Structures are given as structure tokens and as C-alpha cells.
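For the sequence shown, the working numbering assigns the number 226 to the initial residue and increments by one for each residue that follows. Even glycine gets a Cβ: it sits at the ideal position worked out from N, Cα and C. The structure displayed is predicted, hence computed values, not measured ones. This report concerns only the one structure given below.
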Amino acid sequence: MTDKVQKIEEIIGKYVTAGKILSQVRSEARDRIKVGVSLLEIAEFVENRAIELGADGSAFPCNISRNNEAAHATPLAGDTTVFGEDVIKLDIGVHVDGYIADSAITIDLSGDYKDLVKASEAGLEAAIDTVKSGVNTADIGAAIEDAIVSHGFKPVGNLTGHGLARYIPHAHPSIPNIRIGKGVDLKAGDFIAIEPFATDGAGRVVDGSLTEIFQFIGKKPVRLPAARVLMKELEQYSTLPFAKRWLKSPKLDFALMQLERAGIVHSYPVLKEAGGGMVSQAEHTVIVTKDGCEVTTR
């Protein structure tokens with residue numbers, strides 16, 4: 226075995242291990258989500274349990290987006306919010322040595338949106354059935370759209386799946402959830418996350434007013450002491466997104482604002498359905514192979 230082949234097998238092994246850990250965490254978290262349970266309790270369980278099972282950490286903060294929220298919602302520090310009869314998107318990312326598994330499920334605590342949940346799941350399965358070396362990402366988007374529309378709903382057109390790279394949860398290429406004119410051809414050995422969103426609303430998302438997730442872009446000179454202290458704290462997350470509730474620096478809101486203005490951090494506002502519609506999500510991480518794909522997070 227050549228050193229290059231051994232290195233590739235080691236990398237694949239880390240992706241697979243991350244996927245197995247995520248699958249167990251997702252299953253255990255799903256069983257804990259009930260009306261009256263704390264959102265913060267679930268987020269902290271997810272983030273801590275992954276490490277207990279052997280992950281090196283979260284690839285991004287646990288996303289718990291409810292009802293017309295599609296993505297990027299995570300509890301605040303000290304959050305006392307509890308689940309009601311919500312449609313909940315639980316989106317989890319874990320990494321092993323920077324190699325990422327990313328997966329999401331929708332849990333309908335109301336019991337009124339089972340068909341909406343099935344629509345995003347059908348879109349995901351149609352995409353997985355389409356993936357193989359040489360397939361164009363446009364074909365994946367068409368398969369997702371057809372599956373969701375056949376269930377009577379709309380795909381969310383301005384959200385996409387994505388490639389995965391070491392310490393980079395959103396890498397090239399984008400995996401569309403709708404028909405597009407031209408995509409890119411996948412090749413064996415690509416690592417991608419496919420994540421269809423279905424809605425009974427307008428079919429697109431807009432930025433909400435709340436932001437609790439950020440990403441460190443890189444160091445720059447800053448004048449204010451509080452901003453310098455925070456920038457030092459953020460180095461531990463490398464290029465992986467982090468939650469504001471994870472941070473301990475003083476004058477946190479002010480320091481974060483200064484770093485964002487300086488282009489040192491990037492913010493991820495909660496994304497909401499533009500028409501106020503309910504949203505469901507389903508996501509798996511896959512490794513593209515010659516004749517199909519291997520789902521690491523099944």
C-alpha cells in the first residue's frame with residue numbers, strides 16, 4: 226500500500242467514524258425531544274455527547290430551528306425556552322480530526338405535519354439514489370425538487386447542500402435543492418452533505434433578526450482590548466462555526482460587534498421562511514463512489 230493510498234483510507238476512516246458518532250448522538254437526542262423539554266438542554270447534550278463518544282468536537286453549534294425557522298437557530302446562554310408542539314429541525318455536525326459528519330432530521334411534535342416531514346425525507350432519498358461519480362449536481366437538484374413537489378410541497382430554493390473539507394463544514398460544491406441550469410460533475414471520493422428543505426410557504430428563506438452563530442475568518446489588528454481578548458479566544462475554533470453561548474470573554478456583545486465590523490468574524494442569522502410557512506429538513510453526509518455513494522450518517 227502506498228503512502229498516498231494509506232492516507233486516503235485514514236481520511237475516509239475519520240469521516241466514517243464521525244458519521245457513526247453523529248448517528249448515535251442524533252438517535253439519542255431524538256428520543257429526548259418532547260414537549261416541555263429545554264432547547265438548551267438538548268443542544269448541550271448533543272455537543273457534549275459527541276465528545277463522550279469519541280468526536281473531537283462539534284463541527285458547528287447544534288441547530289434547533291422550529292416551525293418557520295429553517296436553519297442557524299441555536300439556544301442562547303441561559304436560555305429557558307422549552308419545546309411546544311413544534312416542527313423541529315435538529316441539525317448536528319461533529320468532527321474527528323477536522324473531518325466532518327453533518328446530518329439533520331425533522332421531528333413533528335404537533336402531529337400535523339407528517340406529510341411535510343416525509344417530503345424532505347423523500348427529497349433526500351431521491352438525491353442519494355441519484356449520486357454517483359460523474360453525475361451533475363443539477364441532476365441531484367432536479368431529483369430533490371421532483372420528490373418534494375410530488376408530495377405537495379415546495380423545495381426551499383435558496384438553501385443548498387454542500388461539500389465538506391477538513392475543518393470546513395461548507396465547501397465546494399453546492400448541492401442545489403431545485404432545478405438549475407448547470408451544475409458541476411461529482412467524482413469518486415467527493416464528500417458532500419445533501420440537505421433538502423421542504424415548505425408549505427414561499428419556497429425561499431430570508432434573514433431573521435436573531436444571530437447566535439458566528440465563524441472566525443482570520444486575525445487582523447484591532448484596537449479595542451475587549452476585541453483583542455475575544456479574538457484570542459476564537460482561535461480555538463479555527464474555521465469551524467461557534468455559538469455565542471460558548472464564549473467567556475468580557476463585554477461579549479460589544480467585542481463581537483467590533484470583530485464583525487472588522488471582517489474578523491462572519492455572522493449566521495437565523496433563516497426564516499419568507500412566506501411564514503412551516504419548514505422540514507432532512508440531511509445526510511455521503512462519500513461519492515464510482516457506482517453510487519456511501520452514507521456515513523445513516
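Item to check | Cβ-based neighbour list, Val447, same chain, cut-off 8 angstroms, excluding 5 preceding and 5 following | outcome: Here residue 447 corresponds to residue number 222 of the sequence shown, with the count starting at 1. Correct list, in chain order: Arg453, Met456, Gln483, Leu484, Ala487 and Ile489.
Checklist entry - For the region 503-523 against the region 473-482, are there 3 or more C-beta pairs whose distance is under 8 angstroms? => result no
Checklist entry - Taking Cβ to Cβ, would you say Gly408 is nearer than 7 angstroms to Ala363? => result Position 183 of the sequence shown, counted from the first residue, corresponds to residue 408. Position 138 of the sequence shown, counted from the first residue, corresponds to residue 363. Going by C-beta atoms, Gly408 is nearer than 7 angstroms to Ala363.
Next on the checklist: Tell me the residue span of the beta strand (DSSP E) that contains Val511.
Outcome noted: Within the sequence shown, the letter at position 286 stands for residue 511. From DSSP, the beta strand (DSSP E) with Val511 extends over His509 to Val513.
Checklist entry - Nearest to Arg256 by CA position, among Asp281, Thr299 and Thr331, is which residue? => result The residue labelled residue 256 in the question sits at position 31 within the sequence shown. Correcting the residue type first, residue 256 is Asp in the shown sequence and not Arg. The candidate whose alpha carbon is nearest that of Asp256 is Thr331.
Checklist entry - Which residue or residues does DSSP assign as beta-bridge partners of Gln249? => result The residue you call residue 249 lines up with position 24 of the sequence shown. Note: Gln249 sits in no beta bridge, so no partner.
Checklist entry - Which same chain residues, not among the five before or five after Phe270, have their C-beta less than 8 angstroms away from its C-beta? => result The residue labelled residue 270 in the question sits at position 45 within the sequence shown. For Phe270, where only same-chain residues beyond five positions count, the Cβ hits under 8 angstroms are Glu253, Ala254 and Arg257.
Checklist entry - Which of the three DSSP states, helix, strand or coil, is assigned to Thr362? => result As a first step, residue 362 must be located in the sequence shown, where it is residue number 137. Thr362: helix per DSSP, three-state reduction.
Item to check | Member of Ala243, Val260, Asn293 and Thr355 whose CA lies at the smallest distance from the CA of Ile276 | outcome: Within the sequence shown, numbered from 1, the residue matching residue 276 stands at position 51. Ranking the options by Cα distance to Ile276, first place goes to Ala243.
Checklist entry - With a CB to CB cut of under 7 angstroms and the five nearest residues on each side skipped, what residues in its chain are close to Ile236? => result Your numbering for residue 236 matches position 11 in the sequence shown. So the qualifying residues of the chain are Tyr324.
Checklist entry - So, Gly348 versus Gly426, is the Cβ gap smaller than 7 angstroms? => result For the purposes of this step, residue 348 is identified with residue 123 of the sequence shown, where counting begins at 1. For the purposes of this step, residue 426 is identified with residue 201 of the sequence shown, where counting begins at 1. For Gly348 and Gly426, no; Cβs fall outside 7 angstroms.
Next on the checklist: Assuming Leu278 and Val241 are in contact, meaning their beta carbons sit under 8 angstroms apart, how far apart are those beta carbons, in whole angstroms?
Outcome noted: Numbered from 1 along the sequence shown, position 53 holds the residue referred to as residue 278. Numbered from 1 along the sequence shown, position 16 holds the residue referred to as residue 241. The pair is not a contact, with the Cβ atoms about 14 angstroms apart (cut-off 8 angstroms).
Next on the checklist: Just to confirm my understanding: we take Ala280, look at its own chain, exclude 5 residues before and 5 after, and list those with CB closer than 7 angstroms. What are they?
Outcome noted: Within the sequence shown, the letter at position 55 stands for residue 280. Taken in chain order, the residues that qualify are Ala243, Ile246, Val319, His320 and Val321.
Checklist entry - Are Asn292 and Asp316 touching if we call contact CB-CB under 7 angstroms? => result If you number the sequence shown from 1, residue 292 lands on position 67. If you number the sequence shown from 1, residue 316 lands on position 91. No. Outside cutoff.
Checklist entry - What's the gap between the Cα of Lys232 and the Cα of Ser263? => result Working through the sequence shown from its first residue, we reach residue 232 at position 7. Working through the sequence shown from its first residue, we reach residue 263 at position 38. Between Lys232 and Ser263, the C-alpha separation is close to 42 angstroms.
Next on the checklist: Give me the DSSP bridge partner(s) of Cys518.
Outcome noted: For the purposes of this step, residue 518 is taken as residue 293 along the sequence shown, with counting starting at 1. Looking at the DSSP assignment, Cys518 forms a beta bridge with Val513.
Checklist entry - Looking at Pro380 and Ile417, is the spacing between their C-beta atoms short of 7 angstroms? => result On the sequence shown, residue 417 is found 192 positions in, with the first residue counted as 1. On the sequence shown, residue 380 is found 155 positions in, with the first residue counted as 1. No, the pair does not count as a contact, with Cβ atoms beyond the cut-off.
Checklist entry - How about Pro494 and Thr424: are their beta carbons less than 7 angstroms apart? => result If you number the sequence shown from 1, residue 494 lands on position 269. If you number the sequence shown from 1, residue 424 lands on position 199. No, the pair does not count as a contact, with Cβ atoms beyond the cut-off.
Next on the checklist: Taking the alpha helix (DSSP H) that Lys445 belongs to, which residues open and close that run?
Outcome noted: The residue given as residue 445 occupies position 220 in the sequence shown. Here Lys445 belongs to no alpha helix (DSSP H), and DSSP marks it neither H nor E.
Item to check | Nearest to Asn383 (by Cα), restricted to the options Glu420, Leu301, His491 and Arg523 | outcome: Working through the sequence shown from its first residue, we reach residue 383 at position 158. Among Glu420, Leu301, His491 and Arg523, the Cα nearest to that of Asn383 is on Glu420.
Item to check | Alpha carbon of Ala499 to alpha carbon of Val230, nearest angstrom | outcome: Here residue 499 corresponds to residue number 274 of the sequence shown, with the count starting at 1. Here residue 230 corresponds to residue number 5 of the sequence shown, with the count starting at 1. Roughly 47 angstroms between the two C-alpha positions.
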